[in-house]
Amino acid sequence: SMTGKALFKALKILSSYIKHSIDTNNSVWIAQKEGRAKDGRDLTDPTIIKMFDMGRAKGEDFSQYLASLHIVPLSIAYEWDPCDLMKARELAAKHATGSYQKKEGEDITSIATGISGYKGRVHLHFGAELLAGFNDPVEVAAAIDASIVGNYHLFHSNWLAYQKLYGSDADHLFKGQTISAQTHAEMDKRVSQCHPDMVPFLLQQYANPVVAKLKFERGEGPA
Numbered sequence: 026s027m028t029g030k031a032l033f034k035a036l037k038i039l040s041s042y043i044k045h046s047i048d049t050n051n052s053v054w055i056a057q058k059e060g061r062a063k064d065g066r067d068l069t070d071p072t073i074i075k076m077f078d079m080g081r082a083k084g085e086d087f088s089q090y091l092a093s094l095h096i097v098p099l100s101i102a103y104e105w106d107p108c109d110l111m112k113a114r115e116l117a118a119k120h121a122t123g124s125y126q127k128k129e130g131e132d133i134t135s136i137a138t139g140i141s142g143y144k145g146r147v148h149l150h151f152g153a154e155l156l157a158g159f160n161d162p163v164e165v166a167a168a169i170d171a172s173i174v175g176n177y178h179l180f181h182s183n184w185l186a187y188q189k190l191y192g193s194d195a196d197h198l199f200k201g202q203t204i205s206a207q208t209h210a211e212m213d214k215r216v217s218q219c220h221p222d223m224v225p226f227l228l229q230q231y232a233n234p235v236v237a238k239l240k241f242e243r244g245e246g247p248a
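In the working numbering, the protein residues as written are 26 to 248.
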């Protein structure tokens with residue numbers, strides 16, 4: 026594994042590369058943290074913002090430097106997650122035994138399944154660019170989360186899972202719509218492929234974006 030010094034140097038180079046790319050009109054796509062959450066609660070890791078900040082020159086203002094990166098939060102929502110059963114299995118095992126041992130090549134299988142598997146509809150929403158006025162990486166991460174959650178598109182798969190777990194107090198988010206028979210059938214198919222212990226963890230993945238949206242509505246922030 027990399028020494029602290031080598032890691033620091035690598036991150037500084039990466040940070041400078043990102044700044045250079047932006048300054049020369051090339052976009053950089055970067056995940057908000059390492060991998061998507063297993064439970065559907067995706068939050069921005071402030072460490073990523075700290076890495077961005079490593080390219081800042083001495084004496085340069087944090088807020089101005091950050092504004093110069095033109096950060097645009099992007100919400101990506103899938104109707105169905107091709108890895109949902111694998112995630113449910115892992116979460117159920119961790120819950121039952123406290124740990125989960127990945128099999129050889131399991132990560133690669135997950136990546137391949139995630140790329141090529143059935144997602145149903147996919148919705149992308151570009152948020153507003155983050156401007157100056159932030160004091161530290163934690164504030165920036167919170168603003169990114171607020172944008173991603175606020176603009177996240179909820180599908181009927183999310184709504185149905187939320188209803189199954191918690192009831193109907195999120196129905197107002199769907200403004201008089203009804204859950205299609207197709208959504209019911211697809212969810213039933215996935216639930217039937219699960220061991221009963223896995224079912225709550227399967228549903229949680231789809232329900233948590235609704236939970237986050239309700240918290241956001243109440244002004245509690247997405248955490």
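Glycine is no exception: its CB is placed at the ideal position from the N, C-alpha and C atoms.
Going by C-alpha positions, aspartate 86 is about 33 Å away from lysine 240.
Every beta strand (DSSP E) of 3 residues or more that sits fully in the stretch 47-129 is shown, in chain order, as 99-103.
With contacts defined by Cβ atoms closer than 8 Å, proline 225 and leucine 179 do not form a contacting pair. Cβ atoms of asparagine 176 and histidine 197 stay farther apart than 8 Å, at about 18 Å. Spanning the alpha carbons of glycine 158 and threonine 138 requires a straight line of approximately 40 Å. C-alpha of leucine 32 to C-alpha of serine 40: approximately 12 Å in a straight line.
Taking C-beta atoms as the reference points, arginine 66 and alanine 237 count as a pair closer than 8 Å. Here phenylalanine 151 carries a strand assignment [DSSP, helix/strand/coil].
Of the candidates Met76, Glu242, Leu227 and Thr72, Met76 places its Cα closest to the Cα of tyrosine 42. The residues Gly246, in chain order, have a CB closer than 7 Å to that of alanine 167 in the same chain once the five nearest residues on each side in sequence are set aside. Runs of the alpha helix (DSSP H) lying entirely within the stretch 183-228 and spanning at least 4 residues, in chain order: 206-217.
When the beta-carbon positions are compared, isoleucine 169 and glutamine 57 come within less than 8 Å of each other.
Taking 8 Å as the cut-off, the Cβ atoms of alanine 118 and histidine 148 do not count as close.
Proximity of the stretch 181-190 to the stretch 201-217 meets the contact definition, three or more beta-carbon pairs being nearer than 8 Å. For the pair leucine 156 and alanine 92, the CB atoms are nearer than the 8 Å cut-off. The beta carbon of phenylalanine 199 sits closer than 8 Å to those of Leu179, His181 and Trp184, all from its chain and outside the five residues before and after it, given in chain order.
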